[in-house]
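Counting in the working numbering, the sequence shown runs from -10 upward without gaps.
Glycine included, each C-beta is placed from N, C-alpha and C at the ideal position.
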Amino acid sequence: MTNNVTSNNAIQRIKEVDKMKFTVFTPKTKPLLGVDIGTTFIKAVLLAPIDQHWECRGVACELIPSQAFTERDIVDFDSVSNTLKKIMMKLKLKHQPTVIAVSGTSVLSKVIQMPSDLDEQHLEEQIEIEADSLIPYPLDEVYWDFETLGATVNQTDKADVLLTAAHRQLVDNRMTLAREAGMLPKIVDTELDALENLALAQYTDTDSSLEQVMIHIGNELMHIVVTQANTVTYSKEHQFGLQHFTQDIALTMRLDGQTVLQQLSAGTLDTQWQQQVLPIIHAQLQQHILRALQLMQNLLNNELPTSIHLCGGVAMLPNIAESLTTEMGITFTLVDPFAHISIHPEVMTEQLVAAKPLLCVATGLAMRSEQHGAH
């Protein structure tokens, strides 16, 4: 990761919390279940390493049956807990090692420069000494961790270090709910790191000189990840999502928001809303995507991309890739997170195909040791 994703809350360095590590570089020895706890859907992907590649052994995508979140904070714990239990029942799993993610304004991720001659222990001590300037909250309010990325450009005596922090309550709430559902949460990652993992896995075999741009738009957040030469060159989180769009559709259709989400995901929502609401959605999507691309362009000093890989809940909108391609003059394609992953025969193909673009974060979580230290 080479660009900052800042946030407004706090975290503390931990090496182990009930055998859970808040880290982006814990090696995986067993199949992991990646669980993406969104504000509307919970998505899960079970991956196993088989002969130097990944095999998908299960997927699940379940709507949370209530307004369970205020922004990214859980307010209806029972609904989230029951949905997680439903995921585990569908996957027929018990005591499964799991990776979960956090994101939003309660998460901070930034690249800092530290002396290059420090080993991990001394680097940790140095970060603790400088914590007041690096993390804008008391350390006892947060979990934090770091990863050395490599030498700082044009500064031979410095190393780039990725510092990640998350509010304790944000992490602890998700850990507790995951355990109640029969999961064994081993790793807490960030959604942005999960998407970076997926992007690196997806585009490793393509022409390494080509820039690959992935945009993930969920209910409340938009993430953009750029890779080139098997390296993440840019990544950023934006406070923009589909929430207001689904509310507009619900008002037009005189339905509740949960029904709209359920029918959108199933492709059964009546089309009468499209003529009135869809052009407005397209216009706002274009505006926010273009704004994010221009910010990326200014920082990287690059031209606007000619193609974009699109994923997240935005994929539920009818013909969204084709529409954005026509309206923006950029080729949009929906991401298939399983393009380089074999599928176990017991995985329900119909469910997998329908949910693919929504499963990108969960897939990146499940494979998150694949790019061990490659951020």
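Residue 205: member of the beta strand (DSSP E) spanning 201 to 206, first to last residue.
The DSSP assignment places complete beta strand (DSSP E) segments of no fewer than 3 residues inside the segment 274 to 338 at 296 to 300, 320 to 323, 330 to 332, in order along the chain. According to the DSSP secondary-structure assignment, residue 132 is paired through a beta bridge with 155. Between residue 36 and residue 356 the beta-carbon gap is near 6 Å, inside 8 Å, which marks them as a contact. With a cutoff of 8 Å on beta-carbon distance, residue 152 and residue 99 are scored as near each other. As the crow flies, the alpha-carbon of residue 293 is around 27 Å from that of residue 149. If you draw a straight line from the Cα of residue 192 to the Cα of residue 91, it comes to about 24 Å. Membership of residue 172 in the beta strand (DSSP E) is indicated by the continuous run 172 to 179. Residue 71 counts as buried, since at least 16 other C-beta atoms from the protein chains shown sit within 10 angstroms of its C-beta. If you draw a straight line from the Cα of residue 235 to the Cα of residue 53, it is about 15 Å long. Here residue 242 carries a helix assignment [DSSP, helix/strand/coil].
As computed with DSSP, residue 62 is found in a beta bridge with 59. For residue 31, the uninterrupted beta strand (DSSP E) segment begins and ends at 30 to 39. When rounded, the separation of the alpha-carbon atoms in residue 286 and residue 165 is 41 Å. In this structure residue 326 is in contact with residue 348, their Cβ atoms being roughly 5 Å apart against a cut-off of 8 Å. The beta carbon of residue 188 lies closer than 6 Å to those of 203, 214, 216 in the same chain, with the five residues before and after it left out. In the DSSP assignment, residue 353 falls within the alpha helix (DSSP H) that extends over 349 to 355. A Cβ-Cβ separation of about 5 Å places residue 175 in contact with residue 86 under the 8 Å criterion.
Straight-line spacing of the CA atoms in residue 304 and residue 310 works out to 8 Å. Less than 8 Å divides the Cβ of residue 160 from the Cβ of residue 177.
Rounded to whole angstroms, the gap between the alpha carbons of residue 272 and residue 103 is 43 Å. Per DSSP, the unbroken beta strand (DSSP E) holding residue 25 starts and ends at 21 to 26. DSSP places residue 118 outside any beta strand (DSSP E); the residue lies instead in the alpha helix (DSSP H), whose first and last residues are 109 to 118. Going by beta carbons, residue 171 and residue 75 fall outside the 8 Å limit.
When DSSP states are grouped into helix, strand and coil, residue 231 belongs to the coil group. Between residue 233 and residue 211, the CB-CB gap reaches or exceeds 8 Å. Residue 333 sits exposed, since fewer than 16 C-beta atoms from the chains shown fall within 10 Å of its C-beta.
Residue state for residue 89 is assigned as strand, using DSSP reduced to three classes.
With 16 or more other Cβ atoms from the protein chains shown falling within 10 Å of its own Cβ, residue 205 counts as buried. Beta-bridge partners of residue 102 (DSSP): 149. Per the coordinates, the alpha-carbon of residue 300 lies some 27 Å from the alpha-carbon of residue 65.
Note that the C-beta distance between residue 298 and residue 229 is not below 8 Å.
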